[in-house]
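Contents: one structure, followed by commentary.
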Amino acid sequence: MQPVHEQEAAALEHTRLLNAQEVLFRQGELGEAAYVIESGLVEIYSERGDEREVIARLGANEIFGEMALLGDRTRSASVRALETTRLLVVTPKHLGERLEGADPMTRHLLRIAVLRCRELLARVRSGQLRLGGLAPPLPLPKADPGDEGAEVRDRNLAFGRLRIEQELRLALERQEFQLHYQPIVHAANGHIAGFEALLRWFKPGVGRVPPDEFIPVAEASGLICSIGRWVIQAAVEDLLRLDDARRRAEPTAPPLFMTVNLSARQLEDPELLPALARHAERLRGQGCRLKLEVTESLMIGNVVLMQALIASVRQLGMHVVLDDFGTGYCSLSYLHLFEVHTMKLDRSFVRGMAVSEASQKVVGGIVGIAHALGMDVVVEGVETDEQAAQARALGVDYAQGYHFGRPVPLAESLPLLARGP
Ligand code: CMP
Ligand code: MG
79 MQPVHEQEAA ALEHTRLLNA QEVLFRQGEL GEAAYVIESG LVEIYSERGD EREVIARLGA
139 NEIFGEMALL GDRTRSASVR ALETTRLLVV TPKHLGERLE GADPMTRHLL RIAVLRCREL
199 LARVRSGQLR LGGLAPPLPL PKADPGDEGA EVRDRNLAFG RLRIEQELRL ALERQEFQLH
259 YQPIVHAANG HIAGFEALLR WFKPGVGRVP PDEFIPVAEA SGLICSIGRW VIQAAVEDLL
319 RLDDARRRAE PTAPPLFMTV NLSARQLEDP ELLPALARHA ERLRGQGCRL KLEVTESLMI
379 GNVVLMQALI ASVRQLGMHV VLDDFGTGYC SLSYLHLFEV HTMKLDRSFV RGMAVSEASQ
439 KVVGGIVGIA HALGMDVVVE GVETDEQAAQ ARALGVDYAQ GYHFGRPVPL AESLPLLARG
499 P
């Protein structure tokens with residue numbers, strides 16, 4: 079944990095408070111950041127000798143200073159606050175990956191638009207062109223009444239993600255993340271075999287943020303790598319605690335396993351494998367108790383990287399789980415490419431089993447193929463007794479779902495084990 083004053087310093091890097099009349103930057107200076115106005119009002123103006131020409135006044139939810147980041151870094155105009163103003167800081171780091179990820183035409187159009195705007199501003203400065211008064215704020219047209227319009231929607235999405243990204247940067251230090259554990263049971267008898275670690279974010283003053291709101295932002299910003307390493311570390315520590323609880327209740331019970339989810343960016347995280355090696359050591363030669371879940375689409379999209387990762391992970395004795403099997407591709411042809419230990423069938427299969435005999439045959443067939451390839455099979459989304467019985471009858475090895483337990487914090491997972499088998 080960092081001391082509080084350092085945390086505050088980190089928070090300040092992401093926001094900036096201006097007093098009324100304070101000049102943020104002057105035209106011609108080199109710019110390192112753009113700003114989103116959280117509250118307050120700023121004035122954009124061009125300077126020529128002692129003369130000032132006001133170009134625009136911008137208020138809450140508007141962005142400025144972006145031209146320096148999109149072009150040659152020099153400020154095309156000066157900016158001062160007209161009242162106390164709070165700004166969200168947007169750094170080149172925030173924009174870099176998004177711009178790299180944009181298609182070449184989009185990047186080209188952006189550059190052209192910025193160049194043209196700069197050229198006009200240069201003419202204003204040299205006196206060749208007069209604005210003849212304050213430019214109106216940029217129009218953000220509304221498509222239909224009730225429809226907020228594509229421009230506003232894009233802006234809200236972009237700024238919303240930016241805010242989440244800033245908060246995510248602080249969330250690790252502030253210990254706002256928690257892991258919840260969902261039991262994975264032996265299908266044959268319902269005994270707990272292990273747990274899946276699931277990331278939860280509790281934001282102070284807001285509460286739980288749904289994973290689909292913050293995981294994509296963590297992915298896009300690369301923050302997922304450090305968050306992912308924290309997840310693995312915390313999950314391993316909790317695995318040892320869960321195991322202690324299990325052994326106290328049932329001294330001869332086999333050790334539990336823990337699965338953690340890997341995301342695309344982590345495949346290229348140079349610190350991932352060294353961290354895994356340290357965890358393998360902590361598990362005292364039982365690396366197989368840590369299983370890495372990688373989704374089917376991620377594997378297929380990164381065949382070479384995945385093969386290399388699987389080989390390294392196998393050397394550490396850890397297991398790889400093919401997660402969400404059957405979503406999207408539903409193809410068996412790639413299975414031989416990956417030496418994974420476990421196949422996790424998507425919940426849609428379980429739902430299908432309850433309503434159609436054909437689905438049961440499909441699941442039975444997949445179980446046969448998986449077993450023939452030396453993999454064991456987990457089904458996800460088991461919610462009823464009937465589904466549990468069907469999974470058992472079809473030879474599925476492990477099952478997971480609300481029927482056996484929801485994801486809960488460690489404190490609530492421990493008593494599940496103390497009860498014994
Ligand atoms: P930058 O060149 O980094 O610094 C000055 C900023 O003024 C510039 O980015 C834009 O964000 C902003 N700016 C320039 N021209 C206009 C304009 N016509 N209307 C509103 N803002 C502008
Ligand atoms: Mg998973």
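For the sequence shown, my numbering gives the first residue as 79, with consecutive numbering after it.
Think of the CB as a built atom: it goes at the ideal place given N, C-alpha and C, for glycine as much as any other residue.
Non-local beta-carbon contacts of Val457 in its own chain, meaning distances under 6 angstroms to residues more than five positions away in sequence, involve Leu423, Val428, Ala469, Val474 and Ala477 in chain order. Secondary structure at Gly268: coil, using DSSP grouped into helix, strand and coil.
Of the residues assessed, Thr420 falls on the buried side of the cut-off, its CB having 16 or more other CB atoms within 10 angstroms.
Taking C-beta separations shorter than 6 angstroms and ignoring five residues to either side along the sequence, the partners of Gly306 in its chain run Gln344, following chain order. Met145 places its beta carbon 7 angstroms or farther from that of Val114. For Phe237, the CB contacts under 6 angstroms within the same chain, skipping 5 residues up- and downstream, are Val114 in chain order. By the C-beta criterion, the region 103-112 is judged to be in contact with the region 138-153, since at least 3 inter-stretch pairs fall below 8 angstroms.
Cα atoms of Arg252 and Leu209: separation of roughly 48 angstroms, rounded to the nearest angstrom. Annotation for Gly285: the continuous beta strand (DSSP E) segment containing it runs Gly285 to Val287. Val101 is classed as exposed because its beta carbon has fewer than 16 other beta carbons within 10 Å across all chains shown. In the three-state reduction of the DSSP assignment, Thr169 falls in the coil class, being assigned neither a helical nor a strand state. Around the ligand MG, the residues whose beta-carbon falls short of 5 angstroms from at least one of its heavy atoms are Asn339, Glu371 and Asp401, given in chain order. Within a 10 Å sphere around the beta-carbon of Val460 sit 16 or more other beta-carbons, which makes this residue buried.
A distance below 8 angstroms between beta-carbons, with the five flanking residues on each side excluded, links Gly363 to the following residues of its chain, in chain order: Gly395. In this chain, His419 is not harboured by any alpha helix (DSSP H), its DSSP state being neither H nor E. Residue state for Met183 is assigned as helix, using DSSP reduced to three classes.
The straight-line gap separating the alpha-carbon atoms of Thr405 and Glu374 is approximately 8 angstroms. Only residues of its own chain outside the window of five on either side were considered, and among them Tyr123 have a CB closer than 6 angstroms to the CB of Arg130, listed in chain order. At least one heavy atom of the ligand CMP sits closer than 6 angstroms to the Cβ of Ile122.
In the structure shown, the three-state DSSP call for Leu394 is coil.
Shown here for Leu207: same chain residues with a beta carbon closer than 8 angstroms to its own, the five before and five after excluded, namely Leu198 and Arg201 in chain order.
The bridge partners DSSP lists for Met336 are Phe273 and Leu368. DSSP places Leu136 inside the beta strand (DSSP E), whose first and last residues are Glu129 to Leu136. Cβ atoms of Leu340 and Leu301 stay farther apart than 8 angstroms, at about 15 angstroms. In this structure, the alpha-carbon of Ala358 lies about 38 angstroms from that of Gln438. Not a single heavy atom of the ligand CMP lies less than 6 angstroms from the C-beta of Glu140. In the three-state reduction of the DSSP assignment, Arg126 falls in the strand class. Between Ala138 and Glu116, the alpha-carbon positions lie close to 5 angstroms from each other. When the alpha-carbon of Leu413 is set against those of Arg176, Pro348 and Gly452, the nearest one is in Gly452.
Judged by DSSP in its simplified three-state form, Gln478 adopts strand. Closest by C-alpha distance to Leu351, out of Leu492, Ile388 and Ala327, is Ile388. With a threshold of 16 other beta carbon atoms within 10 Å, His186 falls short and is exposed. Within a 10 Å sphere around the beta-carbon of Asp463 sit fewer than 16 other beta-carbons, which makes this residue exposed. In terms of side-chain proximity, the C-beta atom of Met145 is found nearer than 6 angstroms to a non-hydrogen atom of the ligand CMP.
Contact check for Pro261 and Leu494: beta-carbon distance about 6 angstroms, within the 8 angstroms limit, so the pair qualifies.
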